[in-house]
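Structure, as structure tokens:
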Amino acid sequence: MKINLFEPYIDEAEEKAVLETLRSKFWASGAGIGNVSKFEKKFKQYTKADECLAVNSGTAALNIALSLLDIKNHEVIIPSLSFVSTANCVLLNGGIPKFIDIDPKTLCMNPKLIEKLITKKTKAIIPVHFGGFPSDMKKIVSLSKKYDIKIVEDAAHAAGSSFCKKKIGSHGFAVCFSFHPVKNLGMPTGGLIAINDSNAKKFKARIEAKRWCGITNRNDDRYEIKEVGDNYYMNEISAAVGLKQLQKLNKMNSIRKNFAKIYEKELDIEMKMPFTKDCAYHLYWICVKNRKLFRQKMSEKGIQTGTHYQPIHTFSLYKNNVKLPITEKIGKEIVTLPMHPNLTEGDLDKIINLTNRFSG
Ligand SMILES: Cc1ncc(COP(=O)(O)O)c(C=O)c1O
Numbered sequence: 021m022k023i024n025l026f027e028p029y030i031d032e033a034e035e036k037a038v039l040e041t042l043r044s045k046f047w048a049s050g051a052g053i054g055n056v057s058k059f060e061k062k063f064k065q066y067t068k069a070d071e072c073l074a075v076n077s078g079t080a081a082l083n084i085a086l087s088l089l090d091i092k093n094h095e096v097i098i099p100s101l102s103f104v105s106t107a108n109c110v111l112l113n114g115g116i117p118k119f120i121d122i123d124p125k126t127l128c129m130n131p132k133l134i135e136k137l138i139t140k141k142t143k144a145i146i147p148v149h150f151g152g153f154p155s156d157m158k159k160i161v162s163l164s165k166k167y168d169i170k171i172v173e174d175a176a177h178a179a180g181s182s183f184c185k186k187k188i189g190s191h192g193f194a195v196c197f198s199f200h201p202v203k204n205l206g207m208p209t210g211g212l213i214a215i216n217d218s219n220a221k222k223f224k225a226r227i228e229a230k231r232w233c234g235i236t237n238r239n240d241d242r243y244e245i246k247e248v249g250d251n252y253y254m255n256e257i258s259a260a261v262g263l264k265q266l267q268k269l270n271k272m273n274s275i276r277k278n279f280a281k282i283y284e285k286e287l288d289i290e291m292k293m294p295f296t297k298d299c300a301y302h303l304y305w306i307c308v309k310n311r312k313l314f315r316q317k318m319s320e321k322g323i324q325t326g327t328h329y330q331p332i333h334t335f336s337l338y339k340n341n342v343k344l345p346i347t348e349k350i351g352k353e354i355v356t357l358p359m360h361p362n363l364t365e366g367d368l369d370k371i372i373n374l375t376n377r378f379s380g
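Numbering (the numbering used here) for the sequence shown: 21 to 380.
Encoded structure:
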């Protein structure tokens, strides 16, 4: 039997919720049966954010969050070892991505390098909580206050982590989550922007318009458009799944943490993801010298692995003269191992034994 890299963790609860929503015949939010607004309410309670607005992907969440900050011709500091949406949101809003190198232990942005990159043009910083591992928010928050820079957290890997809850850890102006099917909280398609700001109510109204083509002030047969928007709203079927997933998010994350603890202890590899109870472990990474051969051998034994990620500054759209030695080295060696709550003890033993055998 093949062992998948990622898998959603579902049961009859999600099946029933989807069927009920399908049969309601109201699938779009707004015209729907209220799953989206219920999900927003529950996620707000869960994260203690000032406002939570559901959208249809993590990409949409980042695009909207950046659009609130008037970054045109301004710089935004981002890591390069991430999914390309972390950078696309900057370009799409007319900003200039400034890539920063990562800490080789956590693969999150290296906080010691941030201050050197800050200029008069810096408007925002996007820490990516890589694999669910917390970025050094203490340092990032103190720099954001010193230089009046906004923080937009890319928490695509970090749903359910304690540090993404306001009052416990997260202090980004916006915290952007992805509910892509293989994320810690999975939906057919989904994302969410959590806003932490004294003007959260105003931002909420703008996001509501921006996630549906700019439409505001709906009144009988009239509505108004003041700002441009996109078709980013979450559908009721995704929210139905999300409501069930949210109920079991802590359980799913504690299974992931348990697996990560075992990987960290049992893998005989120098470069591997460290263990901390604060990490949501969306993925588990190791570094190997001959990645192609390692992945091929694992695949022959029925174990799927991944490479997260090709560094963004190596794509032709983003190529410039920036040198990021740690990112470039890790980008060539990183491999992700299966990580999802459906793994069995037997799966884990097999993955660990074969990884130890093939990684040398
Ligand atoms: C770090 C990171 N940011 C953003 C995204 C975008 O999320 P989505 O796929 O929901 O658009 C992803 C998704 O894979 C991601 O891994």
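For each residue, glycine too, the CB sits at the ideal point set by N, CA and C.
Values in this document were obtained by computation on a predicted structure and should not be read as measured data.
Query raised in the report: Within this structure, are the beta carbons of Gln-324 and Lys-22 separated by less than 8 Å?
Result: yes
Query raised in the report: How many whole angstroms separate the CB atoms of Leu-266 and Tyr-66, which I take to be in contact at a CB cut-off of 8 Å?
Result: 7 Å
Requested in this report: Determine the closest residue to Ser-181 out of Ile-169, Tyr-304 and Asn-270, with distance taken between C-alpha atoms.
Outcome: It is Asn-270.
Requested in this report: Compute the Euclidean distance between the alpha carbons of Phe-335 and Ser-44, then round it to the nearest angstrom.
Outcome: 44 Å
Query raised in the report: Going straight from the alpha carbon of Asp-217 to that of Ser-164, what length do you get?
Result: 14 Å
Report task. Starting from Thr-356, trace the beta strand (DSSP E) both ways and give me its first and last residue. Result -> 354 to 357
Report task. Return the residue from the list Lys-349, Lys-352 and Lys-370 that minimises the CA-CA distance to Pro-358. Result -> When only C-alpha atoms are compared, the closest one is Lys-370.
Report task. Using only the heavy atoms of ligand 1, determine whether one of them is closer than 7 Å to the beta carbon of Ser-100. Result -> no
Report task. Report the residue from Leu-133, Lys-166 and Ile-171 whose alpha carbon sits nearest the alpha carbon of Ala-144. Result -> Ile-171
Query raised in the report: Apart from the five residues just before and just after Asp-298, which ones in its own chain have a Cβ nearer than 7 Å to its Cβ?
Result: Pro-154, Ser-181, Ser-182 and Phe-183
Report task. Would you check if the distance between the CB atom of Pro-131 and the CB atom of Ile-350 is smaller than 8 Å? Result -> no
Query raised in the report: Alpha carbon to alpha carbon, what distance is there between Leu-101 and Lys-321?
Result: Each residue's Cα considered, the two are about 28 Å apart.
Query raised in the report: Hey, Met-254 and Ala-74: beta-carbon distance below 8 Å or not?
Result: yes
**Report entry** 6 Å CB neighbourhood of Lys-230 in its chain, flanking five on each side removed
**Finding:** Ile-84 and Gly-249
Report task. Please indicate yes or no: does the CB of Gly-211 lie closer than 7 Å to some heavy atom of ligand 1? Result -> yes
Report task. Would you kindly check if the distance between the Cβ of Thr-236 and the Cβ of Lys-246 is under 8 Å? Result -> In this structure, Thr-236 lies closer than 8 Å to Lys-246 by Cβ.
Report task. Would you mind reading off the limits of the beta strand (DSSP E) that contains Ile-289? Result -> Careful: Ile-289 lies outside any beta strand (DSSP E) and carries neither H nor E.
Query raised in the report: First and last residue of the alpha helix (DSSP H) that includes Ser-44?
Result: DSSP places Ser-44 in the uninterrupted alpha helix (DSSP H) bounded by 32 to 44.
Query raised in the report: Hey, is Ser-105 close to ligand 1, as in C-beta under 7 Å from one of its heavy atoms?
Result: yes
Query raised in the report: Taking Cβ positions, are Ala-220 and Asp-367 nearer each other than 8 Å?
Result: Remark: C-beta atoms of Ala-220 and Asp-367 do not approach each other more closely than 8 Å.
Query raised in the report: Does the distance from the C-beta atom of Gly-151 to that of Leu-205 stay below 8 Å?
Result: no
Requested in this report: Report buried or exposed for Glu-60, applying the criterion of at least 16 other Cβ atoms within 10 angstroms of its Cβ.
Outcome: buried
Query raised in the report: What residues are listed by DSSP as bridge partners for Arg-242?
Result: Asn-239
**Report entry** beta strand (DSSP E) segment containing Lys-118, residue limits
**Finding:** Boundaries of the beta strand (DSSP E) harbouring Lys-118: 116 to 120, taken from the DSSP string.
Query raised in the report: For Pro-117, which option in Tyr-338, Tyr-252 and Leu-89 has the closest C-alpha, if you only look at C-alpha atoms?
Result: Closest option to Pro-117, Cα to Cα, is Tyr-338.
Query - Which residues DSSP lists as bridging Met-129, in chain order - result: Ile-122
Query raised in the report: For ligand 1, any of its heavy atoms closer than 7 Å to the Cβ of Ala-194?
Result: no
Report task. From the DSSP output, in three-state form, read off Thr-142 for me. Result -> Of the three classes helix, strand and coil, the one that applies to Thr-142 here is strand, per DSSP.
**Report entry** Residue interval of the alpha helix (DSSP H) (run including Ser-105)
**Finding:** 105 to 112
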